Amino acid sequence: MSTSDVTVVLVHGAWADGSSWAKIVVTLAAEGVRVVAPPLPLTTFGDDVAALDRALARAPGPVVLAGHAYAGAVIAAARSEKVKALVYVAALAPDEGETVADVFYRTAPHPQAPKLAPDDHGQIYLPDNAFAAAFAQNATAEEISVLTAVQRPISPACITVPVPRPLWKERPSWFLVAEQDRMIVEDNQRFMAERMQARVRAGAVDHAPMVTAPGPVLDILREAIAAVRA
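According to this note's numbering, the sequence shown is numbered sequentially starting from 7.
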């Protein structure tokens, strides 16, 4: 059955760019699915939502909107009627009035999680060694090299402002829980997924499964696509 009438919009999180979705893009495109992976400026939460809104305006509907990590908050702030399903991949899901930092720090960090702080320019970078230690510990050396080279810093202004009423209260949602995540621990992901009443799928994957274990990511996206088309 053709899925060319559905557009999948894949949104990257902090310290990444659209290339983090490359394996997902290539596979879904080969299956006839239209895919868009727009960039977020990571300058303020409002800037990121505006960038996503512009991408959604250009995307033919209906849309399955997926977010990784920080982008879980961004996709929930979208208001386009084209969006018919939300997919969270090891993502953050603050409720109305909460900040991204509130949910990121609600549990004790993994022992190997990096310490994060703004630099002299007010930007939060991931230490280079954190990509192999916590962000994508299951990645190959080549994948770590790319992730490190393309990382984009995030501003504190992205994670310290209260978010509006999240779209997951009005649209069906799916949540891939990363059981080996060292950035957003599993218990925290399960708390958010249960609170949002998402359809939960879980796997023994790290924080960046779209890079290191694309199979479960593709499976949950295909499930959401099928539900939108039903």
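A virtual CB, placed ideally from N, CA and C, is assigned to each residue, including glycine. Treat the numbers as computed from the prediction; the structure is a model and nothing was measured.
- [ ] Could you tell me the distance, in whole angstroms, from the CA atom of T9 to the CA atom of A236?
- [x] Note that T9 scores a pLDDT of 45, beneath 50, so its modelled location is shaky; the value from the coordinates is reported in the next line. C-alpha separation (whole angstroms): 11 Å.
- [ ] Report the three-state DSSP secondary structure of T218 (helix, strand or coil).
- [x] DSSP places T218 in helix when its eight states are reduced to three.
Open item on the list: In whole angstroms, give me the CA-to-CA distance for D125 and Q157.
Closed with: 15 Å
Task: Three-state class that DSSP yields for A20 in the structure shown - done: coil
Open item on the list: Between the alpha carbons of A184 and P66, how many angstroms are there, rounded?
Closed with: When rounded, the distance between both Cα atoms is 30 Å.
TODO: Verify whether the separation of the beta carbon atoms of I30 and L46 is less than 8 Å.
DONE: no
TODO: Compare the beta carbon distance of A75 and A97 with 8 Å and say whether it is the shorter of the two.
DONE: yes
Task: Environment of P133 [buried if 16+ CB atoms lie within 10 Å] - done: exposed
Task: Closest Cα partner of M35 within the set T13, A214, V152 and H116 - done: Here residue 35 turns out to be Ala, not Met, going by the sequence shown. The residue from T13, A214, V152 and H116 with its alpha-carbon nearest to that of A35 is T13.
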